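Visitor: Here this note's numbering is used: the sequence shown runs in plain steps of one and ends on residue 395.
Beta carbons are placed, not taken as given, at the ideal position from N, Cα and C, and that holds for glycine.
A quick note: this is a predicted structure, and the numbers were derived from the prediction, not measured.
One structure coming up, written as structure tokens, with questions to follow.
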Amino acid sequence: MQVIEAIKNSKKPIISLEITPPNKGQSIEDIYRVIDTLIPFEPAFINVTYHQPQVVYEEKNGVIYRIPKRKKPGTVGICAAIMNRYRIETVPHFICGGFSKYETEDALIDLHYLGIENIFAVRGDPPPGQREFIPERDGHRHASELVKQIVNMNHGIYLEELENAQPTNFCIGVAGYPEKHYEAPNFEKDLLNLKYKVDQGAHYIITQMFFDFEIFKNFCERAREIGITVPILPGIKPITSLRQLSVLPRDFHISFPAKLVEKMEAAKTPNEVRKVAIDHVVKLCEQLIDFGVQGIHIYTMGRGTSSYELLKGLLG
Ligand code: FAD
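In structure tokens:
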């Protein structure tokens, strides 16, 4: 089923999960353990992130070799394995970085053959050690271009002219940033770029994590004002430790409300910190549901316990 149908057909806000492939060499059982913990909450779909390789150059016998080292391969395989094992919709993330549009087309055809009808289209970040995002030659610079290519395929338009070409039927999600994407010159411009992505044919938006209800509310209201009408699902990260108060702002360009930081810092034990943090995220989800969101998308980051605590607190 397409994600957009699941969102629209559900009488209550849906729950969806996002997982990250295990590091190369680790077992897929780790992922099954996370899903087994969370499956009782009946997630409507599971997203699987995509990770670009870091390209390194190694010299052997005077010859320089270009070696793409991918720490977390397997996005599409994991999606197929989850669908097969749990009979649940999966949404592979698909990035612009590292792909020419021809490679993108072939990869989309693979997904189509596998029966995967959902894609989350993002640009991708520059690989570690690189400051700026550089598209592949013949690749896409912005997620909106990737969306456009997928929509074209949904209309049977491939990169070369093909007779009686079969259309695909992908439902497309894109990323939104309640606290602005870090490269955008300002919030308004970023929102207009998001609208452009939706105008190209994206069906729904999932947001970057945030920890303050007012930030999401403002984002939604401003998005609606400029004519973005598709569902906006809040991305929720159940935090549990003081360390995350500095790591997450650095890695994801987000902020924490002062009151939450104060409360977490005042907690006397790691267990107390965890309780304060999870309670905050449960309350945030309750506010979002009262506000009328059509779903809650949970960043599990490969760990089931904190997501379980959040969902238990929220749904009982
Ligand atoms: P874009 O929509 O292309 O936007 C990037 C920047 O360019 C923004 O500042 C935007 O305002 C600007 N912009 C957009 N269009 C234009 C235009 N036409 N002209 C000028 N400026 C423009 N990364 C991964 O590598 N793998 C993942 O699996 C992954 N999953 C994610 C899931 C979610 C829910 C989110 C929120 C992010 C995810 N990311 C992932 C991170 C994402 O790749 C980065 O945030 C990336 O820097 C931007 O991606 P985007 O799709 O938002 O890019």
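(1) Counting only runs that start and end within the stretch 118-201, where is the alpha helix (DSSP H) found for 4 or more residues in a row?
(2) Would N334 pass as a contact of E267 if the rule is Cβ separation under 8 Å?
(3) In terms of DSSP beta bridges, what is Y237 paired with?
(4) Determine the burial state of H234: buried for a count of at least 16 other Cβ atoms within 10 Å of its Cβ, exposed for fewer.
(5) Classify I98 as helix, strand or coil using the three-state DSSP reduction.
(6) Leaving out the 5 sequence neighbours to the left and right, which residues in its chain are closer than 6 Å to T286 when beta-carbon positions are compared?
(7) Return helix, strand or coil for V340, following the three-state DSSP convention.
(8) With hydrogens ignored, establish whether the beta-carbon of D330 is closer than 7 Å to any heavy atom of ligand 1.
(9) With burial defined as no fewer than 16 other Cβ atoms inside 10 Å of the residue's Cβ, what is the status of V135: buried or exposed?
(10) Give the DSSP bridge partners of Y283, in chain order.
(11) I think A85 touches E182, with their Cβ atoms under 8 Å apart; what is that distance to the nearest whole Å?
(12) Is the CB-CB distance between D215 and G177 below 8 Å?
(13) Could you pull the DSSP bridge partners for Y378 from this structure?
(14) Whole angstroms are fine: how far does the CA of G395 sit from the CA of Y165?
(15) Of the residues C299, D109 and I251, which one's Cα is nearest the Cα of S223?
(16) Within the present structure, is the beta-carbon of T128 separated from the nearest heavy atom of ligand 1 by less than 7 Å?
(17) Would you grab the beta carbon distance between R382 and V113 for me? Rounded to a whole angstrom, and I think it's under 8 Å.
(18) What number of angstroms, rounded off, separates the C-alpha of K148 from the C-alpha of F370?
(19) What residue range is occupied by the uninterrupted alpha helix (DSSP H) comprising P328?
(20) Can you pull the DSSP bridge partners for L312?
(21) With a threshold of 6 Å on Cβ separation, who are the neighbours of G122 within its own chain once the five nearest residues in sequence on each side are excluded?
(22) V340 and L324 - do their beta-carbons sit closer together than 8 Å?
(23) Could you tell me whether any non-hydrogen atom of ligand 1 is closer than 7 Å to the CB of N272?
(24) Would E344 and L321 be called neighbours here (beta carbons separated by less than 8 Å)?
(25) At the 8 Å Cβ level, is D115 part of the contact set with chain D, yes or no?
Guide: Inspection of the coordinates gives the following:
(1) Scanning the stretch 118-201 for uninterrupted alpha helix (DSSP H) segments of 4 residues or longer gives 154-165 and 180-193, listed from N- to C-terminal end.
(2) For the purposes of this step, residue 334 is taken as residue 255 along the sequence shown, with counting starting at 1. For the purposes of this step, residue 267 is taken as residue 188 along the sequence shown, with counting starting at 1. According to the sequence displayed, residue 334 carries Ser and not Asn. When the beta-carbon positions are compared, S334 and E267 stay at least 8 Å from each other.
(3) Numbered from its first residue, the sequence shown carries residue 237 at position 158. The partner list for Y237 (beta bridge, DSSP) is empty, contrary to what the question assumes.
(4) Along the sequence shown, one-based indexing puts residue 234 at 155. Exposed is the call here.
(5) Along the sequence shown, read from residue 1 onward, the residue named residue 98 stands at position 19. If DSSP states are grouped into helix, strand and coil, I98 belongs with the strands.
(6) Here residue 286 refers to the residue found at position 207 when the sequence shown is read from its first residue. Counting only Cβ-Cβ distances below 6 Å, and skipping sequence neighbours, we find G255, P257, P313 and G314.
(7) As a position in the sequence shown, residue 340 is number 261, starting the count at 1. Three-state result, V340: helix.
(8) As a working note, residue 330 is residue 251 in the sequence shown. The answer is no for D330.
(9) Start at 1 with the first residue of the sequence shown, and residue 135 comes out as number 56. Exposed.
(10) Start at 1 with the first residue of the sequence shown, and residue 283 comes out as number 204. Listed as beta-bridge partners of Y283 by DSSP are G252.
(11) Residue numbering aside, residue 85 sits at position 6 when the sequence shown is read from its first letter. Residue numbering aside, residue 182 sits at position 103 when the sequence shown is read from its first letter. So it is not a contact: roughly 29 Å between Cβ atoms.
(12) For the purposes of this step, residue 215 is taken as the residue at position 136 of the sequence shown. For the purposes of this step, residue 177 is taken as the residue at position 98 of the sequence shown. Checking the displayed sequence, the identity of residue 215 turns out to be Glu instead of Asp. Taking C-beta atoms as the reference points, E215 and G177 count as a pair closer than 8 Å.
(13) One-based indexing of the sequence shown puts residue 378 at position 299. Answer by DSSP bridge pairing, in chain order: E97.
(14) Working through the sequence shown from its first residue, we reach residue 165 at position 86. Working through the sequence shown from its first residue, we reach residue 395 at position 316. Computed Cα separation, rounded: 23 Å.
(15) The sequence position of residue 223 within the sequence shown is 144, counting from 1. Of C299, D109 and I251, the residue nearest in Cα terms is I251.
(16) Looking up residue 128 in the sequence shown gives position 49. True, at least one ligand heavy atom lies under 7 Å from that Cβ.
(17) Locating residue 382 in the sequence shown gives position 303, where the first residue counts as 1. Locating residue 113 in the sequence shown gives position 34, where the first residue counts as 1. Yes, R382 and V113 are in contact; Cβ-Cβ is about 7 Å, under 8 Å.
(18) Counted from its first residue, the sequence shown places residue 148 at position 69. Counted from its first residue, the sequence shown places residue 370 at position 291. Note on geometry: alpha-carbon atoms of K148 and F370 lie some 43 Å from one another.
(19) Looking up residue 328 in the sequence shown gives position 249. Run containing P328: Q323 to F331, per the alpha helix (DSSP H) assignment.
(20) Here the question's residue 312 lines up with position 233 in the sequence shown. Paired residue(s): I285.
(21) On the sequence shown, residue 122 is found 43 positions in, with the first residue counted as 1. Note that residue 122 is Pro in the sequence shown here, rather than Gly. Annotation for P122: I94, S95 and L96 place their beta carbon closer than 6 Å to its own, counting only its chain and skipping 5 residues before and after.
(22) Looking up residue 324 in the sequence shown gives position 245. Looking up residue 340 in the sequence shown gives position 261. Yes, Cβ-Cβ distance for L324 and V340 is below 8 Å.
(23) The residue given as residue 272 occupies position 193 in the sequence shown. At least one heavy atom of ligand 1 is nearer than 7 Å to the Cβ of N272, so yes.
(24) Here residue 344 refers to the residue found at position 265 when the sequence shown is read from its first residue. Here residue 321 refers to the residue found at position 242 when the sequence shown is read from its first residue. Annotated as proximal: E344 and L321, with beta-carbon spacing under 8 Å.
(25) Checking the listed chains, one finds no chain D in this structure; it contains a single protein chain.
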